[in-house]
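In what follows, a single structure is set out as structure tokens and then discussed.
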Amino acid sequence: LAKTTQPISMDSYEGQEVNITCSHNNIATNDYITWYQQFPSQGPRFIIQGYKTKVTNEVASLFIPADRKSSTLSLPRVSLSDTAVYYCLVGSDTGGFKTIFGAGTRLFVKA
Amino acid sequence: GAGVSQSPSNKVTEKGKDVELRCDPISGHTALYWYRQSLGQGLEFLIYFQGNSAPDKSGLPSDRFSAERTGGSVSTLTIQRTQQEDSAVYLCASSLIGTRNRGEQYFGPGTRLTVT
């Protein structure tokens, strides 16, 4: 299974853009990159998924360079409610998306 | 619509007792996962079921842990002879392989297990 590396924690202020970068040097050809968000006392929730280049939805953007060895989750204009743990995972249909949730990145958004 | 449900929400048990944790996945989801999360830690993969295939049990920490999925739907995670280090939140997730968001997992609220 491809291992991912993320910063342990990040601080930001309301209204700022936050970029969280994840390294996945051993990503396989069939792997997709998925990000989840987890609030305290809740299970993780899907945010965004991509394979290459850029993906954008109503919540975030995901930037993936050509070599796919890293990815960056971009949260525009964060608010206090974006304080959570963000997990980066890689996986594919072949592996049943049995993915490893690491420790994630704890984002603290301050007023 | 109905999401993933888990029961009980909280379970306190004495060391050495057996416990059963239940997961009801989203109807029609073929894949089901169990994870364990200790306080302040990431999720630890335990076991994965996909359709009628043999489950992937590679994450189970010891032979005291077992899980089954009946009829491709409800799953039960059993922990025998519980130990204090088994205390954690046990999360269940289900997904439908092959959808637009590949492998998107929907998580239940978890069962908080405390072994005294």
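Chains R and V, in that order, are what the protein sequence lines are.
Residues in the first sequence are numbered from 42 upward in steps of one, following our numbering.
Residues in the second sequence are numbered from 6 upward in steps of one, following our numbering.
The C-beta atom is built at its ideal place from N, Cα and C for all residues, glycine as well.
Residues in the same chain with beta-carbon distance under 6 Å from residue 129 of chain R, minus the five sequence neighbours each way, listed in chain order, please.
45, 47, 63, 76
Going by C-alpha to C-alpha distance, which of V:88, V:115, V:18 sits closest to residue 81 of chain V?
V:115
Starting from residue 132 of chain R, trace the beta strand (DSSP E) both ways and give me its first and last residue.
Its beta strand (DSSP E) spans residues 125-132.
How many whole angstroms separate the CB atoms of residue 152 of chain R and residue 58 of chain R, which I take to be in contact at a CB cut-off of 8 Å?
Between residue 58 of chain R and residue 152 of chain R the Cβ distance is about 17 Å, and since that is not below 8 Å, they are no contact.
Cutting at 6 Å between CB atoms, please list the residues of its own chain near residue 126 of chain R, excluding the five before and the five after it.
79, 145, 147
Under the assumption that residue 98 of chain R contacts residue 89 of chain R (Cβ atoms under 8 Å), give the Cβ distance between them as a whole number of angstroms.
Contact holds; Cβ gap of about 6 Å.
With a threshold of 6 Å on Cβ separation, who are the neighbours of residue 38 of chain V within its own chain once the five nearest residues in sequence on each side are excluded?
53, 98
In whole angstroms, what separates the C-alpha of residue 57 of chain V from that of residue 8 of chain V?
22 Å
Just confirm the distance between the C-beta atoms of residue 100 of chain R and residue 121 of chain R, as a whole number of angstroms; I'd bet it's less than 8 Å.
With a Cβ gap of about 16 Å, residue 100 of chain R and residue 121 of chain R do not count as contacting.
Just to confirm my understanding: we take residue 20 of chain V, look at its own chain, exclude 5 residues before and 5 after, and list those with CB closer than 8 Å. What are they?
87, 88, 89, 120, 121
How many Å lie between residue 107 of chain R and residue 95 of chain R at the Cα?
If you take the alpha carbons of residue 107 of chain R and residue 95 of chain R, they lie about 10 Å apart.
Given a threshold of 16 other Cβ atoms within 10 Å of its Cβ, counted over all protein chains shown, does residue 49 of chain R qualify as buried or as exposed?
exposed
Please confirm whether residue 95 of chain V has its beta-carbon closer than 8 Å to some beta-carbon of chain R.
no
Which residues of chain V have a Cβ atom closer than 8 Å to the Cβ of residue 144 of chain R, listed in chain order?
46, 47
Looking at chain V, which residues of the segment 68-80 of chain R have a Cβ within less than 9 Å of any of its Cβ atoms?
73, 75, 77, 79
With DSSP collapsed to three states, give me the class of residue 55 of chain R.
In the structure shown, residue 55 of chain R sits in coil (DSSP, three-state: anything other than H, G, I, E or B).
Would you report the Cα separation of residue 91 of chain R and residue 18 of chain V, rounded to the nearest angstrom?
If I take the Cα positions, the gap works out to 42 Å.
Helix, strand or coil: how does DSSP classify residue 19 of chain V here?
coil
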